[in-house]
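To start, the structure under review is shown below, and the notes come after it.
In the working numbering, the protein residues as written are 41 to 1288.
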């Protein structure tokens, strides 16, 4: 490259770097474009590498401005310095070559390239040193030099990864020797630290690339190991150098800090501040600040490199003499030559400049996560408390005296947060040392125990910090410690602190006050969390983890837990029981986020979790603890006394504010764990909840924007929460409510007759009574009571209105207001018609839903009874070779099933109406009805999907508000209308979905209860089959209908049908169903699998939308194969006015879900997953235990409901598990899908 070519290249580099060659002359786009093109072309030139080597090894590059196109250079510097830009460009070219062509170089070329880069680095070090001495550098040029030094370090590290230590044997000398000795290490880092920073950055990159999993994938394992071995070999040269530099630079920082403190003290004594200094004083003050900042920056760079060492390199690098075992009789011979970085880091905790203290903590945290020896761990535990105390004192001296406590906490927040996390991890990563040391565990007061106790005391004291972030960093460690039962004595002194700290942070912060700046900790809170969403996410995570923490604390020390609950509740009722301080009120009522409401909301979780975690012996009756030790008896008495007072305080608390009533309901719900052992206040609590169900809002009518609503949103929320609370209590302690069943039933009837309950509350009351009824011992009384509870629902199904609605599809359409829209389209928005239609639908649906809810509760309770809900039998389980039945096989009469399940006798009255309703709903999708409905501009929406289904297909995050929130799909199916509006059209799709799903679930319940196989229902079974597998129904159902059909009915039917009834009860259903499913799935996937076929055009897979309804209606009226092909290609979906993108997502979801549902159903039936899959897993575990003669194998599996309390294996239905039953189930499941008969089941079983 001649001089002219070089000048052209320098000009292009200067222009592309933004260097002005002519003052006042702005660079044009054409110049920039031409320069970039020239530089890119140069990279591909054959001699570019040699030229770049020459460029970076040259000391200076000057562009001759006089030859720049004949420009007049009067008043302009003739030469423009482009040294830095040129070297940066040369390095970028060489860096690219290093990745692709470096491996092909011979040894001489490699050495030449390496020496040129080292020369450039030395030139930079010398140049930078001279500039600092002359003090003529501006900030821009200094920044460019820093960039160049980092680029050189990156290049040297890349070369070292390829050549060190085999080819580059003198790497350590060439990088870490002084400049005067041919290296890069600065002789005087105080005046210039460029060479030091190059060496530190080079070390950091090499370590990171060879150890960090995010980077080491590009380096082979062999090369990586070679580099790490080489680093270990030169560590005696590197580490003392780093340690000495760290010591010297920190000494400069400390001296500067002392000088600055003396200056500030001088000003304070003269009643002046730093803003009032003279010019001469300002110069001296700024000089000390500059000196401190420069030395502190170098310390921070050293610690950043050491942080990489701490992660993966040998512990001895950082521990040095700190790792020496004082008890060892043979200390290492070179221990005196080792450097103790850990002690230095502990000392540096006191220095906040350039985050030195935080970087030191990061280094210690990485070491804490490593596998330390016990003496190393103990020494760290012993050293940290003193170091932290000294650091706190030193940092307080560095802060100005006029800072408030909160301002200091804000400045130290990151330091305290990192410190809390590091100290917690040091314990959490070495719990094994604690549990294995009897001296520590048994609290014997030895040296180790004292060290650990002091450390845990400091750790618990950190929890007093007002920011929840600090506490959150420790919670995983405390949970891990509390999980180990051997540490209960060790942790007892800190449990009260733990409870108080975490209970206080569960109370939600008033974020509005934080945003307004009125909260007393506004600055600290805003430092802890940037925005409310971040705080809400953090609070959810904290509450999730605190659930475990509180349960463990209650298990270890129930007396403390009970006393804390009593003290906290007493304080809350005294100071906030009447809503004090009554802020954020809406008229006379408190709002949800009023201070008092938030306080009680934060108390609910500790109450619930602590009551759950208390051991049964601490709550049981006195006679149950007769054989317990005196200590337990004393604890039990204290616990029961405290909790009795807690229960009485909650029950006697009678707030008037709706939101306080809501909070009281949550507290009453938590008492169910206490009532399990002491039901003294149970009835009073239930009575209070029943009273809340009838709570009204006297001021609702006078409220603005009430829109005619009968109840406010607050009252609705209270009633819903109360109903759920009643169901929860009845499920937990039904046996304690049985003596008052008659009174409760009468009270519930009065509430139901009031006509003021929400439909959901009616459902809650039915569930409440059914749960209590399951605890009645007399089967006949139990059945009669359930029948009496559900008499209203059954009478509704037997009413003329419902009969007319479900006996035909025309009746159903008339009931839902679909038919009326034919002649009077305005009827769908007529408020009176909408109200009447909605009430009639709710009445009909609620009846079905009440039966389903109560039936499920009864079935769940029946499965927990002896025999798993099946009647007792004396039949002897035969061998596989006989034709006899197992105890759970064959038909069982309703009277026998009713012994355990009180819901069973109601099925003869329910099933006929249920089948009529399902038949009418499924008929609505027949092609002849679709042809009529799709033509009508309103009635067509009865066939559409709901807004909720469209929303679920988009896979959005529900935290944004769901269907009705921002970005939701409300009003997208019926454009501008949703089911909340006074319009029947958007309600139809949701109503039909609810009715269809409830019918499927009721049929699944009948199958699960084995009612379908009872002799008493043999006469109705043909009608049942004709509805379930009617060919027209199967062909007309959408994919989404069939998916629910498989999930909610068929899978339960397969798992519940007795083996001897497969031919009579399953074959008529499975044959037509699977034949249709095979055809449907072929049509579903044909447009995807065969996109080029004529019938598989892209249009056929699009969901039907409103504009295409006329064509679809015409096609449906023909009812030919062409209709069904297009119908199945779009999965049968009509999406109304939904946008095209979401419509495609809905179709894709429907196609995939049907395929997945069928796969899941078959796998469950073949015991490949689900309940029977777990049974087979238990069987395999038993066989393994027998083969290995190791009974412990039986105890190592997960605790599930398939293991009873006595340790015996039970099947999915609760019956005892035996090998014969498991094999028989597999056989019959295989046979149900096989066209052959059951006669050869023995051969099948053995081949399987």
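We treat Cβ as the ideally placed atom computed from N, Cα and C, and that holds for glycine.
- With C-beta atoms as the reference, is residue 294 less than 8 Å away from residue 224? As a first step, residue 294 must be located in the chain shown, where it is residue number 254. As a first step, residue 224 must be located in the chain shown, where it is residue number 184. Their beta carbons are not under 8 Å apart, which means residue 294 does not touch residue 224 by this criterion.
- Residues bridged to residue 1014 by DSSP? Residue 1014 sits at position 974 when you count from the first residue of the chain shown. DSSP output for residue 1014 lists 1017 as bridge partner(s).
- Of all the options 837, 562, 940 and 693, which has the alpha carbon lying nearest to the alpha carbon of residue 815? Within the chain shown, the letter at position 775 stands for residue 815. For the set 837, 562, 940 and 693, the Cα lying nearest the Cα of residue 815 is the one of 940.
- Item | Start-end ranges of the alpha helix (DSSP H) lying completely within the stretch 209 to 287, minimum 4 residues | 211 to 216 and 234 to 251
- Task: Starting from residue 119, trace the beta strand (DSSP E) both ways and give me its first and last residue.
- Result: Within the chain shown, numbered from 1, the residue matching residue 119 stands at position 79. From DSSP, the beta strand (DSSP E) with residue 119 extends over 119 to 121.
- Task: Would you kindly work out how many angstroms separate the C-alpha atoms of residue 588 and residue 716, rounded to a whole number?
- Result: Indexing the chain shown from 1 puts residue 588 at position 548. Indexing the chain shown from 1 puts residue 716 at position 676. When rounded, the distance between both Cα atoms is 21 Å.
- Item | Where residue 920 falls: helix, strand or coil (DSSP) | In the chain shown, residue 920 corresponds to position 880, counting from 1. Its pLDDT being 36, under 50, residue 920 is placed unreliably in this model, and the coordinates cannot settle the point.
- Is residue 111 helix, strand or coil by DSSP? Here residue 111 refers to the residue found at position 71 when the chain shown is read from its first residue. Bear in mind that a pLDDT of 46 at residue 111, under 50, signals an unreliable position, so the number given afterwards is only what the model happens to contain. Residue 111 falls in the coil class under three-state DSSP.
- Message: If I measure Cβ to Cβ from residue 110 and keep anything under 8 Å in the same chain, skipping five residues before and after, which residues do I get?
- Response: In the chain shown, residue 110 corresponds to position 70, counting from 1. Confidence in residue 110 is poor, its pLDDT being 44 and thus under 50, which makes the residue's placement unreliable; the coordinate value appears in the next sentence. Cβ-Cβ distances below 8 Å link residue 110 to nothing in the same chain once the five nearest sequence neighbours on each side are left out.
- Please go through the same chain and pick out, in chain order, the residues whose beta-carbon is closer than 7 Å to the beta-carbon of residue 665, but skip the five residues on each side of it. On the chain shown, residue 665 is found 625 positions in, with the first residue counted as 1. Low per-residue confidence applies at residue 665: pLDDT is 49, beneath 50, and the placement is therefore not dependable, though the value from the model is reported in the following sentence. The residues are 657, 672, 673 and 676.
- Task: Go ahead and label residue 426 buried or exposed: buried means 16 or more other beta carbons lie within 10 angstroms of its beta carbon, across all protein chains shown.
- Result: Sequence index remark: in the chain shown, residue 426 carries index 386 (1-based). Exposed.
- Under three-state DSSP, which class holds residue 717? Position 677 of the chain shown, counted from the start, is the residue given in the question as residue 717. Here residue 717 sits in coil by DSSP.
- Query: Quick one: Cα of residue 583 to Cα of residue 638, how far?
  - Reply: The residue you call residue 583 lines up with position 543 of the chain shown. The residue you call residue 638 lines up with position 598 of the chain shown. A straight-line Cα-Cα distance of about 15 Å links residue 583 and residue 638.
- Task: Rank 885, 754, 943 and 855 by C-alpha distance to the C-alpha of residue 829 and give the top, closest one.
- Result: Residue numbering aside, residue 829 sits at position 789 when the chain shown is read from its first letter. For the residues 885, 754, 943 and 855, the minimum Cα distance to residue 829 belongs to 943.
- Query: Using 8 Å as the Cβ pair cut-off and three pairs as the minimum, do the stretch 703 to 712 and the stretch 755 to 766 touch?
  - Reply: In short, these stretches touch, since the Cβ pair count reaches three.
- Message: Could you check whether the stretch 958 to 967 touches the stretch 1010 to 1019, counting it as contact only if at least three pairs of C-beta atoms, one from each stretch, sit closer than 8 Å?
- Response: no
- How many angstroms separate the CA atom of residue 648 from the CA atom of residue 719? In the chain shown, the residue the question calls residue 648 occupies position 608. In the chain shown, the residue the question calls residue 719 occupies position 679. Rounded to the nearest angstrom, the two C-alpha atoms are 17 Å apart.
- Opposing strand residues paired with residue 934 [DSSP bridges]: Here residue 934 corresponds to residue number 894 of the chain shown, with the count starting at 1. DSSP output for residue 934 lists no bridge partner at all.
- Taking all protein chains shown into account, decide if residue 769 is buried (16 or more other Cβ within 10 angstroms of its Cβ) or exposed. Counting from 1 along the chain shown, the entry for residue 769 is found at position 729. Answer is buried; the Cβ neighbour count reaches 16.
- Rounded separation between residue 1140 and residue 857 - CA only: Sequence index remark: in the chain shown, residue 1140 carries index 1100 (1-based). Sequence index remark: in the chain shown, residue 857 carries index 817 (1-based). The straight-line gap from Cα to Cα measures roughly 32 Å.
- Label residue 793 either buried or exposed according to how many other C-beta atoms from any shown protein chain fall within 10 Å of its C-beta, with 16 as the threshold for buried. Taking the first residue of the chain shown as position 1, residue 793 is located at position 753. By the 10 Å Cβ count, residue 793 comes out exposed.
- Query: What are the complete beta strand (DSSP E) segments, minimum 3 residues, inside the stretch 127 to 174?
  - Reply: If one requires a minimum length of 3 residues, no beta strand (DSSP E) run lies completely within the stretch 127 to 174.
- Message: Judging by CA-CA distance, which residue of 659, 452, 422 and 420 is the nearest neighbour of residue 433?
- Response: As a first step, residue 433 is located in the chain shown; it is residue number 393 there, counting from the start. If we check each option's Cα against that of residue 433, 452 comes out closest.
- Message: Check whether the stretch 878 to 887 and the stretch 815 to 825 are in contact - that is, three or more C-beta pairs closer than 8 Å.
- Response: no
- Query: Expressed to the nearest angstrom, what Euclidean distance is found between the alpha-carbon atoms of residue 89 and residue 150?
  - Reply: Counting from 1 along the chain shown, the entry for residue 89 is found at position 49. Counting from 1 along the chain shown, the entry for residue 150 is found at position 110. If you take the alpha carbons of residue 89 and residue 150, they lie about 12 Å apart.
- By DSSP, does residue 1198 sit in helix, in strand, or in coil? As a working note, residue 1198 is residue 1158 in the chain shown. Correct three-state label for residue 1198: helix.
- Message: Just to confirm the assignment: which complete alpha helix (DSSP H) runs, minimum length 4, are found wholly within the stretch 320 to 362?
- Response: 355 to 359
- Task: Mark residue 697 as exposed unless 16 or more other C-beta atoms lie within 10 angstroms of its C-beta, in which case mark it buried.
- Result: On the chain shown, position 657 is the one that residue 697 refers to. Buried.
- For the alpha helix (DSSP H) holding residue 1173, just list the boundary residues, first then last. Numbered from its first residue, the chain shown carries residue 1173 at position 1133. Counting along the chain, residue 1173 falls outside any alpha helix (DSSP H), and DSSP gives it neither H nor E.
- Task: Kindly confirm or deny that the stretch 1198 to 1207 and the stretch 1154 to 1168 touch, where touching means at least three C-beta pairs closer than 8 Å.
- Result: No, because fewer than three Cβ pairs between the stretch 1198 to 1207 and the stretch 1154 to 1168 fall closer than 8 Å, the two stretches do not touch.
- Tell me whether the beta-carbon of residue 613 lies closer than 8 Å to the beta-carbon of residue 650. For the purposes of this step, residue 613 is taken as residue 573 along the chain shown, with counting starting at 1. For the purposes of this step, residue 650 is taken as residue 610 along the chain shown, with counting starting at 1. Cβ atoms of residue 613 and residue 650: not closer than 8 Å.
- Give the secondary structure of residue 315 by DSSP, where H, G and I count as helix, E and B as strand, and everything else as coil. Here the question's residue 315 lines up with position 275 in the chain shown. Of the three classes helix, strand and coil, the one that applies to residue 315 here is helix, per DSSP.
- Task: Work out the CA separation of residue 1015 and residue 991 for me, nearest whole Å.
- Result: Counting from one through the chain shown, the residue named residue 991 turns up at place 951. Counting from one through the chain shown, the residue named residue 1015 turns up at place 975. Cα to Cα, residue 991 sits roughly 15 Å from residue 1015.
- Residues that DSSP places opposite residue 630 in a beta bridge: Here residue 630 refers to the residue found at position 590 when the chain shown is read from its first residue. According to DSSP, which records beta bridges pairwise, residue 630 is partnered with 625.
- Query: How many angstroms separate the CA atom of residue 1289 from the CA atom of residue 1044?
  - Reply: In the structure displayed, the chain extends from 41 to 1288; residue 1289 sits before or after that span and is not available.
- Message: Quick check on DSSP: helix, strand or coil for residue 1045?
- Response: Numbered from 1 along the chain shown, position 1005 holds the residue referred to as residue 1045. Three-state result, residue 1045: helix.
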